[in-house]
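First up is the structure itself, then whatever we jot down about it.
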Amino acid sequence: SLPALTLFQHTNTYALSRHVAGAEVGYLYSPRDRYTTFANWSLLYQEIAANCPETPSP
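Under the working numbering, the first residue of the sequence shown carries the number 1086, and numbering increases by one thereafter.
Below, the structure is given as structure tokens:
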């Protein structure tokens, strides 16, 4: 009997926005494993103050 030789290993590639922080994807045994660390994810954002000029009343 000969040892088994793996000829193919399935690889999944996932893309995340650069605005997502804390996302870590480890080994995936099922599709739902992508979200194991979802509670740690957050969005990177920047607050912007905007002043709108008042329009004259008719």
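From the three backbone atoms N, C-alpha and C, an ideal C-beta is built for every residue, glycine too.
| Item | Value |
| --- | --- |
| Beta-bridge pairing of A1106 - partner residues as DSSP gives them | S1127 |
| Distance CB(A1100)-CB(T1122) smaller than 8 Å | no |
| Beta-carbon spacing of V1110, R1119 below 8 Å | yes |
| Beta-carbon spacing of V1105, L1090 below 8 Å | no |
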